[in-house]
Every structure is written in C-alpha cells, then in structure tokens.
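Read the structure below first, then the notes.
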Amino acid sequence: MIAFDTSQQRVLALDPRAHARVLGAPGTGKTELLVESFARAMALAGWEEGDALVLAPNRLVAASLRERVHKRLDRAVGGAPVRTASSFAFSVLGRAAATAGEAPPRLLTGTVQDEAIAETVEARIQADAARGEGGLATDVLLSAPFRAELRELWRVLDDFGFTPAALAASLTGALAEARNLAYSAGPDPGLAARWVEALDVLQDVQQGLEQSRAQEVSSSGLLRLAAQAIRDGQAPAPRLLLIDDAQELGEGQLALVAACATAGSAVWAFGDPDLATSAFQGEHTRVLAGLTAELVRRGWTPPPAAAEQLVVLDTVYRHGATIRGFVRGLSTRIGSAGGAAHRAAESVPVSVAATEAGAGAGAEEAVDGVADSDRGGATPPTAGRVGGGRDSVEFARMTSPAEQLGAIAHRMRARKLGLDSERALEWGEMAVVCRTRAEVTRVARLLAGHQVPTGVAAGGIVLREHQVVRELVALLQHALGIATLDAQGVLRLAGGVIGGLDAVAVRRLRGGLLLDERRAAREEAREPLTVDELVFEAFEFPGPSPAIDSAGGRAIRKLGLMAAAGLKVREGGGTPREVLWALWDGAKLADRWQQEAIAGRGLRADEANRSLDAVVGLFFALQRHEEQDSEQPIADLLDDILRNTVPEDSLAQRSERQTVTVTTPQGMIGREFSLVAVIGVQDGSWPNLRARGSLLGTAALERWLRGGEALMPSRRDTTHDELRLFLHACSRARDELLVAAVADENSHPSPFFGLGSDFAVTGLPSSRLTLRGITAAMRRRVVEDAADATAVISLRALARADVSGAHPRDWYGVLEPSTTAPLYEPAADEEPRPVPVSPSQLEKAETCALDWVIGALGGGAGSVQASLGTLVHHALETVEGHDPDEMLGAIFAEWKKLPFDAEWESERARRTAAQMAGGLSDYLREFEASGKELLGQESGFSLAVGRAELRGIADRLEVQRGGSGTEVTVVDLKTGRTPATKPEAEEHVQLQAYQLGVLLGAFDTGDVEVGADVRTAAKLLYVHPDAARGKGYVLREQSGLSEDAREQLVARIADVADTMAARAFTARVEHHCSDPHRPGNCRLHIIQAVSHA
C-alpha cells in the first residue's frame, strides 16, 4: 500500500454519494488518488461493476489509467472502467439501441465531415455566382481554415443541443429583442448575420448527410445524443463518475456529465484549473471553480441541501523545489479560473518524501510509473514519487535552430549514456514539446538525424502525408478498377518508395525502353511505339524477365506483378483490404523496414517506423470500413484518404520501441517525463496571439450561449491561454527542464522565454554525442590547443578503442609525408638513373607538374572517351587496308571492355565510333592514292637527351620520295573532339619530339637513311566527327624542325626531366588547376576536404 499524506487522506474520506472537487498543482498525486478512490468505491458494500466510471481526457491517458486501475484492483473487471467521454457516449448509445432493437450509430469521421462541408460550400459559391451574390471572397470560403471554423460551429450546435434552424431562430429573436431595448447583451448584428448564414450552410450539410449517411453521427453529436438518452432513461448512469484532468472538460462533455448527475451520479472532478490546454476547442468550462454551478447551468437540478465537497492538495511529489518554484511562478501570472489555493503547494525534500512514501512501497510505485512512461503511456505521479536526483531548470538562448536541436540531442544522449554520474535514462523518459503539430514532425525528423530515436504523439496520423500510403492507394485504385494507372503514374510509382528509383534512373529507364524499341522497330520495319506505350505495356504485361535488364526494368516489372496480384485477389472475390494485402506483400518492403526499425539508427530507423505505422493505419482504415459495413463506396473512402488533412486518431497498434516523445502541449496531458525540453518559444509563435476563429467568431457565439456577452476573446485571454500551454509543458518535468529559443537576425525569443531569466545558461554543448562526434570535438580542441590534457587523454582512449578518426594516423593533412626523396633518386653507389620522358607527357608536365605526377602515379581517372580512342588506335594498328567495316568490326570486338553506365551511352558511342572508322578509312584511302609509302605503324623509339630518356610510339611513319628529296612524316592519330589550331600545331611539342627522334635516327626507318637530304615533318590526324565538322577527317601539320627549334626542344626536354625527377610538384592553381575548361587530375588537391570547416 502507498502511504498518503494528510490532504490526500481527505480525498479518500470523501462521500461517494456527493459531488466533489479535488484541486492540486502538477505532481500532487491527483490521478493516483483517482485510481485509489475508484478501487475503494468498488470495494463498498452493494457496489457492482459499472457503478463507478473514470472519464479520461483522451484515449492515450485512458489506456494508461485502465492499466493502472486493473493493477490496483488486482482482478478482472467486466467492461471498461476507464473511458473517454466519446467512448462513454458511444457505449450509452449502443446500449440504448440494443434495448430498442435498433442499429447503433456510427462515427462520422472528421474527414467525411470536412469533405461534406467543402462540397456544400462549393455548391453554394456557384449558386451565389449565378445570382450575382456573394459575401466573403471565394478563396476564403474554399480554404481549410474556413471549413475548420464551420466544423467548430457544428460542435457548438451539438454542445448546446441546437439544430441549425433552431439556433438561427434564437439569434433572430435576440436581435429583434435587442432593437426594442436601450441596452442589450445580444450579439452584434453583423456578427449574428454571419452566424445565421453559416448555420444555413450547416443546415444543407446535415440534410445531405442525413440522406447519404443516416447512421453516422459526429463526435460532438454522440455526446449530445448520449446525454439525451441518459436523461430519457434509455441507459443507466454510473453511481460515481470520476473525471481526470477535469480542466479539459468541454461543453459537450459537461452536458453528458450533467445528464449523469441528473440520473443520480455523484461527480468527482480532479484537476488543476491553471493547466487547461483545449482553448482552441472552445471556451473553458469552470467545473473546477464551481462544479455544482456548472452542472446546474447544463440542466441538473440539485436536491435540497446539496453540498459540494472540496479538497485542495498541498504537497508536490513530482519534482523538487527548483522546478516547483518555477512552475508556481508561472501559474501566478495566469488569471484564476478556479481558485488559487492549490498554487501554494510545496515540493517536499527527497528524504521527507521517501519517509512519507513508506520507503519501500513508494519506491516500488515510482519504478512502475517509469515503466509506464517507457511505453509512451500517461504516467501521472504516484503519491510518493520524487525526482531521480536532478532538480534543474535551464533557459538556453541559441544562435541557430541547428544549435538548438544539437544541444537538445547532446543532452538527451548524455542522459541516455548516464554521463555526469547520473542514472542512465531510457529514451521513453524524455520528451520534447513543440508549439505546433507541423513543428513536431520537423523536429522529430531532425532529432532522428542526431541519432535520437523519436516518436510523434500529436493528434493522430494524416495518412496522405506518407508517400507509401499514397502509392499503395494509387495501386489499390488501379487493382479495384477505380482509377487506372497511366504511364506517367507508373513512372511516378517507379520513382517513389515502392519502385525505389531516383530521377536519373527513371530517365535511364525511359531511354533504355525507347532505344530497344527503336532497334526492334528498325529490324521489323515498323513505326516504333512511344515511351508511354512501352512503359504501360511493361507494367500491364510483366513477363518472366524485365523489359530491359536494368534497375528501372526490374522496378516496372515489380509494380506490374503487384498490380496483377491485386487484380487476381479482386477477381477472386477478395475484399479491398485483402487486395491491399496482396499489393503490400508484393512490395517486399516489410522485412527491410522492420529490420531498419529494430536494428537501425537515426533518421532511417525513424522513417521506417513512421512508414510502417502509416501502412498499419491504412489497413486499419479499410478494416474499419469493412467491420462497420459502411455504405460509403470504397472509391469514396480512398478518395477521402488522399484528400484528408485532418489527423485521424486511429486505434491501430503503434510501434512500442523506446523513443523520445515529441509532441505538443496537448499531447502531454496526463504524462510526465524525467527530462523535458521545450522549444519554439519564439516571438510570434509562442505565445501565438493571432485571433482564432475570426472568420465566424464562434467563440463569441459560445460565450453568448453561456449567458455572457457575445465578445471574442481579448488579447489578455489569448495570452493566458498560451501561458497555460507553456505552464502545462514545463510542469511535466520530474527532474530536468530545458527551455530553448533561437536568437538570430530572423528569430527572437518571446516574452515567455524572459520568464526564465533567473535560470539562463550559456555554452550548452551542441556537438553530436556519438563516438564520431566526440572524436571530432576532441580533435578540434587539440588543434586549437595542443596542451588540452582532457582532449588528449580522451583521444588516446578513443584510439585504444579503435574508434575511426581518433588516432593521428587517420587525420587528414597532419602526418608528415611518407618520403621526401626525389621521384628518381639513385642509391648512393649507383649511377644517376635516367628519367623516362614520353613525348605525349611533355606538355602536361610543363603546364602543371602536379597534374602530371598524379596521373603518372596512377591517381588519374579514365573515361569512356579515352577508352574509345584506345580502340580506334588498335583498329588502325591491326586492320590491313582501309575498309571501314573491318575497322568498325575491330573496334566492336573489344566493345565490352568499355565502362558504360547505360545502354543509351553505348549506343551514342557506337555512332561516334562508326564515324571515326569512316574518317580513318577516308584518310587511308587518300594516302594510298597519294603515292606515299608507309615506313611503320606503332613505331617505337628511345633517345637519350641529357638526363632524359625520351621514348615513345608514333602511330604512323610515312615517307614521300621525289626529285626534291625524301620527306619522312610522323602521323599522330587523335580522337579528341577539339582540334588544335594551326599555330598550336606548329608548336606542338609532342610532334617536335617525334621529329627529333627521326632526325637523330632513333626510329627504324627501313631503307631510308636519315641524312642531309632527308626532311622531316609531322601532322595530327583528327577523326572525331566534332573535330572533322562534316568531313571524314581533319589534319593539322607541322613543318620540319629548324636548328634553333632543335636546340630549344632539347633544352625543354632536359627541364621537363628535372621537373619529373623532383621531390615536390607545384600546382598551377590560377593558370590550370582551377580552370574549368582545362580539367586535370590536379583538381583533387584544390577541392576542399570534407574536414574543411
């Protein structure tokens, strides 16, 4: 048993036959007392199952409370002892319908409600346009915010028991009465006219739904009908109704509670009036300020001498004095909505709390509470729970959103690892609170990127936001014959989650299909099909192998097989859900995502979890459609899923892995965590003082229906509502509260952030608290200060553990060169080694020595163009004669050696090769007709020029004999796209080197004896079609070497040899390395490294 303090004992002594209010600050044990009160009531003589019922504010809290009630009773309980108000209403209506022999009502989902409103509004806009009428702008009327306000107006109608026509008549009467009075609290005529017009719209909506969905009722309508059923005696009410977090009670729920009170129920309301978070769903009820008065307002007639019991709890157990002091300070700034006595509660010291908790029992209960938190459920404080050692409040101002999330991730990972001698926390004991749902989704994804597993708890799932759901629905619509996929739709699926292709792969798929089709059409002498026809054919008729052997072909076949499997199930009489299963099974994603979700880390694991949850949600939507035997066509249901932007509170089972909860303040109702981080406290965001419901002014209508003035909430009212949200978020922390805001040129902290000025901190670490992150941080510290002993010791420990990047040998740019010896350095007892110099490398070494040495040492990257040039050279060497087909055959014989990434690249290269073979054939044909002779092909030479050993291979040596003497010409075949200019050819050093070799007798020239009567020349032969420009080939000639040119060339060769033999090689950054028009291997050394800060 738990030991309860004095104020808690007063709660347990309350009379279960009378109404009661139990007020307490956050962490005073209200929910634990509610559970205990339920258990003691059920133990009273004459009390049976169903005589006591707990109402929870939402489904998540209800599930956790139900588990705690079962554990406290330690026995099976018939029915559900804990329900939400909507669940209770549904059970009441179900019992009443069963008694009357009628079918129970079904829930009209928010999605269907929103769609019906949209259709009616659009129809009325068209009708008004035809009559030349119109009020608000069309884009406003069609907007989601306007539809949301109409849904809110619908809720007000149900909450106060009006039909649209009845409320319109009441408004008209109030306006008529106001005109006859000097003063009236009636609504503003303009505002009332707007309400009447909106009610007319809702009248049309409801009439349409009565015809198409007669058995479906909105969630607020369920509450209204259940209240009426209880008042009419169609269903019994419990003897004791216990309401947890009663500050969240809305008007419709209050009407149901009042009906129970009328039927004899005693109502106990537990809560804190400072923590109401549902102002966006209407005005607060004041049950915690005066339960009896509120019940009377909603129709309860109190018996004579009826007394309302009140207990105020005075001790906080959730957190220590620091957090309690801050939370109390926030609460004093909020207008008192139900008394202020509960704000005086004090936090007890740890030692006192342990004593009051009964030492062992309280500790055991606290551990159980942590386990609940780990499961992501609601974990209100036990009577004797205390914090886990810390008691801190920190307000941190960050310079950027990235730093903010980095600091939060660092803190959470530090707590998970148990650093700073603290007890290691589980991920489920930590939470991040954001102001809006959109921010929740963004923050959850970014934290996952910091290797913090996150789970979103913010109002259900919007299925259409998940790409895998959209793709499965598209395939399901196709399989069911609702909407046939076209080729573009198939390509979108191929480039999506299921197909797995990126944009480049999709383009390659289109190109590959078209290329194969053109070949086939050419062979079959027919017109080729279009790309769309090819894609659709590959999808509709998936054969035993893909249409093309590529990733794209396999993706299209996979989609086709999925669609075929779904169609087979449908034709066999399967339900839409069974068809969906066939599609999902064919997607082959379940095993991979499950593995990533369980064993993965970071963003990938979180994405896998969210995708699996979304798929389960889609299956559940179809299951619910089947089980309810809904009259809604499946086509409409799928269309609703794709259009719906309203989060659905699904009953589908969600993943239960350990995650950090990321949610809004509303998602924190009934929950507590050891560490809570509150973010988004930015000017303009939190508090958000923009007027809500300004289009229709529903809040003013609700105030008027309560008997007050028809006024919209003031700025002060809105500020207090926003502060309640902030207070609620902060009060969820047991041990540690961190509030963060960004201050930069675009964002500024809000006034709420200033409320924590006494707790301001700076310098929070934001580095990634991973092995890699710590290694990077320690390396940065060592670079900044080599004497940093802590960083050095940490790096040593990381290096001993073989953490990548910790050892200095892994550091980029800090090790000494492996050698400083020259590239060509002889041993001490050896003669100087000659430096091999290739004619083709002379210019490269002169232009940029760094570019040359990278290529010479194997650091260069090859290309398809260079490989194709090699094949053309091979054809010139091996083919006899000038037949272009033989040359092309020699090229294609080695074609498989070329590294093509796609078939279309190969096809393009084939066309280029054919043109080059033709150009080469033209040159050889003209050569044979010229009377010149061939001295040699692929003729090698070697020549000592000082320290250099000049050696190379000339493609062709040609000789022309005549009366004026003999001329030997060196021909160098070029396969590049850009020919040298004539002046450049005259200075071409490679050709000059070849001429030098001829002149000095280094080549084998056969019967030609090199002497004074032998002249030399050289030329470049270009055969690439871009270089030839419509001709078969183009020549660039170089005249013979003069004596001066020979001397200059020898000197250049000697200089190049010295350059190639050096110990260091200079980069010509400005003149070569950074020139985009002269690409070279040297760019490797001027691109900044990934470690560059």
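For what it's worth, full-length UniProt numbering labels the leading residue of the sequence shown as 1, then goes sequentially.
The beta carbon of each residue, even a glycine, is placed where N, CA and C say it ideally should be.
- Within the segment 79-108, the runs of alpha helix (DSSP H) at least 4 residues long that lie entirely inside it are, in chain order, 85-100.
- The three-state reading of DSSP puts TYR923 in helix, counting H, G and I together.
- DSSP places TYR994 in the helix class (H, G or I) of the three-state scheme.
- Contact between ARG445 and MET430 is absent: CB atoms are separated by about 17 Å, not below the 8 Å threshold.
- Here ALA789 carries a helix assignment [DSSP, helix/strand/coil].
- DSSP places PHE160 in no beta strand (DSSP E); its state is neither H nor E.
- In the three-state scheme derived from DSSP, where H, G and I count as helix and E and B as strand, LYS71 is classed as helix.
- Here the segment 524-543 makes no contact with the segment 928-947; the two share fewer than three CB pairs at distances below 8 Å.
- Assignment of PHE38 by DSSP, reduced to helix, strand and coil, places it in the helix class.
- Taking all protein chains in view, the Cβ of GLU626 is surrounded by fewer than 16 other Cβ atoms within 10 Å, so the residue is classified as exposed.
- For THR969, the number of other beta carbons within 10 angstroms of its own is at least 16, and it is reported as buried.
- Distances from the CA of LEU764 to each of ARG40, ARG147, GLU67 and GLU403 were compared; the closest alpha carbon is that of GLU403.
- When secondary structure is reduced to three states using DSSP, ARG557 falls in the helix class.
- Burial state of ARG796 is exposed, judged by a 10 Å Cβ sphere holding fewer than 16 other Cβ atoms.
- DSSP places LEU771 inside the alpha helix (DSSP H), whose first and last residues are 771-784.
- For PRO528, no beta strand (DSSP E) run applies, since DSSP gives it neither H nor E.
- DSSP lists LEU1020 as the bridge partner or partners of ASP972.
- Under the three-state reduction of DSSP, VAL1008 is assigned to coil, being neither helix nor strand.
- Beta-bridge partners assigned by DSSP to ALA741: ARG397.
- Distance check between GLY329 and each of VAL1069, HIS728, GLY965 and ALA821 places HIS728 closest, using alpha-carbon atoms only.
- Per the coordinates, the alpha-carbon of GLY684 lies some 48 Å from the alpha-carbon of ASP51.
- In the three-state DSSP reduction, GLU949 falls in the strand class (E or B).
- Scanning its chain for C-beta atoms nearer than 8 Å, with the 5 sequence neighbours on each side dropped, one finds around SER757 the residues PHE395, in chain order.
- A distance of 8 Å or more separates the beta carbons of LEU73 and PRO238.
- Distance between ALA192 and GLU251, taken at the CA atoms: about 21 Å.
- Just measuring C-alpha positions, the residue of HIS1024, LEU798, VAL676 and THR484 sitting nearest ARG772 is LEU798.
- Excluding residues up to 5 positions away in sequence, GLU949 lie with their Cβ nearer than 6 Å to the Cβ of PRO836 in the same chain.
- Around the beta carbon of HIS466, 16 or more other beta carbons lie within 10 angstroms, which makes this residue buried.
- Under the DSSP assignment, TRP195 falls outside any beta strand (DSSP E), being part of the alpha helix (DSSP H) whose first and last residues are 189-212.
- Linking ALA258 to ARG83 through their CA atoms gives a straight-line distance of about 17 Å.
- In this structure, ARG508 sits away from ALA909, with a CB-CB distance that is not shorter than 8 Å.
- Looking only at LEU142, ASP272 and GLN113, the smallest Cα-Cα distance to ALA123 is reached by LEU142.
- Contact between ASP885 and TYR1033 fails: their C-beta atoms lie close to 17 Å from each other, not under 8 Å.
- No Cβ-Cβ contact shorter than 8 Å links GLY500 with GLU152.
- Using a 10 angstroms sphere on the CB of ALA700, the tally of other CB atoms reaches 16 or more, which defines it as buried.
- One alpha carbon belongs to CYS1082, the other to TRP686, and they sit about 53 Å apart.
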